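Q: The listed protein sequences correspond, in order, to chains A and B. Under the numbering used here, the final residue of the first sequence carries the number 1197; numbering is consecutive throughout. Under the numbering used here, the final residue of the second sequence carries the number 177; numbering is consecutive throughout.
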Amino acid sequence: MNDSEIKYVIETTINFFSEITGKTAVCGIPSIKNGKNFVMEYTGIIGISGKRKGSIFFTANEKMLYALAHFMLEPETPTKSDIKDLVGEIANTISGNLRKSFGVDFMISVPVTIEGAIRDIKLPNTIESYIIPIKWNNFKSYLVICLE
Amino acid sequence: MSFNNIRVLIVDDSAIIRKIIQRSLPLEKYELVGVAANGLEALKLFKSTMPQIVTLDITMPEMDGLVVLEEMLRISPDVKVIVISALTDKATGIKAIKKGAKSFIPKPFTTTEVQKIILKLSEGL
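1) Do B:P160 and A:F1065 count as a contact pair if the criterion is CB distance below 8 Å?
2) Throw me the rounded Cβ distance for the B:S100 and B:I170 pair, which I believe falls under 8 Å.
3) Give the straight-line distance between the Cα atoms of B:F55 and B:K172, rounded to the nearest whole angstrom.
4) Rounded to the nearest angstrom, what separates B:V131 and A:N1146 at their Cα positions?
5) Return helix, strand or coil for A:E1111, following the three-state DSSP convention.
6) Just the C-alpha distance for B:V63 and B:E165, rounded to the nearest angstrom, thanks.
7) Report all residues from its chain with a CB closer than 7 Å to the CB of A:E1068; omit the five preceding and five following residues, and keep chain order.
8) Name, please, each residue of chain B whose Cβ falls closer than 9 Å to the Cβ of A:R1148.
9) Since A:T1142 meets chain B, which of its residues come closer than 8 Å, beta carbon to beta carbon?
10) From A:I1059 to B:I69, what does the alpha carbon distance come to, in whole angstroms?
11) Pairs of beta-carbons, one from the region 1174-1187 of chain A and one from the region 1074-1092 of chain A, closer than 8 Å: are there three or more?
12) Going by CA-CA distance only, name the one from B:A88, B:D65, B:K154, B:Q167 that's closest to B:E122.
13) For A:T1162, write down the residues that DSSP places opposite it in a beta bridge.
14) Do the CB positions of A:F1120 and A:V1193 come within less than 8 Å of each other?
15) Exposed or buried, what is B:P22 when buried is set at 16 or more other beta-carbons lying within 10 Å of its beta-carbon?
16) Threshold first: 4 residues or longer. Then list the alpha helix (DSSP H) segments lying entirely within the region 75-143 of chain B, N to C.
17) If the cut is a Cβ gap below 8 Å, which residues of chain B does A:F1065 touch?
18) Quick check on the burial criterion: 16 or more other C-beta atoms within 10 angstroms. Buried or exposed for A:N1174?
19) Give the residues of chain B in contact with A:A1118, contact being defined as C-beta atoms less than 7 Å apart.
20) By a C-beta neighbour count over all protein chains shown, 10 Å radius and 16 as the cutoff for buried, is B:V135 buried or exposed?
Structure follows, in structure tokens:
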């Protein structure tokens, strides 16, 4: 990924949180972490096909997802099923929004969601994986972009 | 203008998005005839409930939303379909409108945006 693509990913992520909650998220400096474990309590995964191949992950802890879901569903109290769904929807929305910059050949899959810090999910060594820290409402999460 | 019994079907593979769209419907004016989480389920519900307004996601399991859109319009050419998608590139929006969608709402969206468009489309019903 080049600098302008990374910049666009960050802008898209910030926009997502602002639109949904009215509260701005802050993205930290992206780092390359190949072959590392990175998952938090819940992870949404989007497979990318077309001209670019790879995956996009959004991973966060339960508390952050409950807080986000609360913003979206207020006054209803979010359920565990809502937050599991939400982590996939965040990965889906950010990935889908990236087509504006990556083009129509940037094909996204339906989200797969994983609960639990599964140690077996590691980033590949063969592709550069960018980890972007996201801080929203004092909660920490990560967006991981792993593209050929 | 009467909004009584305007039948609405919500189609999205995300449960939380379905809930948010549902909340944007003033229930005294609309009848939610069903919610579907994939394209096949959507078409089945569409045929059995014949909604007047449909909110439709694109990226879904079983069947792509744009294929569902074509099929819905084949069955009921007067149905008003609002495509709500994370695929926010211009080409996808244009494709949806060319295929017959009445409106395209990019995700993330607010309930106000959805409400405004549903109300506008209801004027012709």
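From the three backbone atoms N, C-alpha and C, an ideal C-beta is built for every residue, glycine too. It should be emphasised that the depicted structure is a prediction, and the values quoted were computed from it without experimental measurement.
A: By the coordinates alone:
1) Taking the first residue of the first sequence as 1, we reach residue 1065 of chain A at position 16. Taking the first residue of the second sequence as 1, we reach residue 160 of chain B at position 108. Yes, they are a contact pair.
2) Mapped onto the second sequence, residue 100 of chain B falls at position 48. Mapped onto the second sequence, residue 170 of chain B falls at position 118. Not confirmed; about 21 Å, so no contact.
3) Within the second sequence, numbered from 1, the residue matching residue 55 of chain B stands at position 3. Within the second sequence, numbered from 1, the residue matching residue 172 of chain B stands at position 120. Confidence is the limiting factor: at B:F55 the pLDDT is only 49, short of 50, which leaves the residue's position unreliable, though a coordinate-based value still follows. Their Cα atoms are separated by approximately 11 Å.
4) Your numbering for residue 131 of chain B matches position 79 in the second sequence. Your numbering for residue 1146 of chain A matches position 97 in the first sequence. So the two alpha carbons sit approximately 27 Å from each other.
5) The count along the first sequence starts at 1 and reaches residue 1111 of chain A at position 62. Three-state DSSP puts A:E1111 in a helix.
6) The residue given as residue 63 of chain B occupies position 11 in the second sequence. The residue given as residue 165 of chain B occupies position 113 in the second sequence. Straight across, the Cα-Cα distance linking B:V63 with B:E165 is about 17 Å.
7) For this step, residue 1068 of chain A is matched to residue 19 along the first sequence. Nothing listed; no residue qualifies.
8) As a working mapping, residue 1148 of chain A is identified with position 99 in the first sequence. Here the neighbours are A138, L139, T140, D141, A143, T144.
9) The sequence position of residue 1142 of chain A within the first sequence is 93, counting from 1. Taking a Cβ-Cβ cut-off of 8 Å, the neighbours of A:T1142 in chain B comprise A138, K159, P160, given in sequence order.
10) Indexing the first sequence from 1 puts residue 1059 of chain A at position 10. Indexing the second sequence from 1 puts residue 69 of chain B at position 17. In a straight line, the C-alpha of A:I1059 is about 23 Å away from that of B:I69.
11) As far as the Cβ criterion goes, the region 1174-1187 of chain A touches the region 1074-1092 of chain A, which means the pair count is three or higher.
12) Within the second sequence, numbered from 1, the residue matching residue 122 of chain B stands at position 70. Cα-wise, what sits closest to B:E122 is B:K154.
13) For the purposes of this step, residue 1162 of chain A is taken as residue 113 along the first sequence, with counting starting at 1. Its beta-bridge partners are A:G1093.
14) In the first sequence, residue 1120 of chain A corresponds to position 71, counting from 1. In the first sequence, residue 1193 of chain A corresponds to position 144, counting from 1. No, Cβ-Cβ distance for A:F1120 and A:V1193 is not below 8 Å.
15) Examination of residue 22 of chain B is not possible in this model, given that chain B is present from 53 through 177 alone.
16) Unbroken alpha helix (DSSP H) runs of no fewer than 4 residues, entirely contained in the region 75-143 of chain B, are found at 91-101, 117-127, following chain order.
17) Within the first sequence, numbered from 1, the residue matching residue 1065 of chain A stands at position 16. Proximity of chain B to A:F1065 at the Cβ level (cut-off 8 Å) is accounted for by P160, in chain order.
18) Reading the first sequence from its first residue, position 125 is the one you call residue 1174 of chain A. By the neighbour-count rule (16 or more Cβ atoms within 10 Å), A:N1174 is not buried but exposed.
19) Stepping through the first sequence from its first residue, residue 1118 of chain A is reached at position 69. Those are I68, listed as they occur along chain B.
20) Your numbering for residue 135 of chain B matches position 83 in the second sequence. Counting Cβ neighbours within 10 Å, B:V135 comes out buried, since at least 16 surround it.
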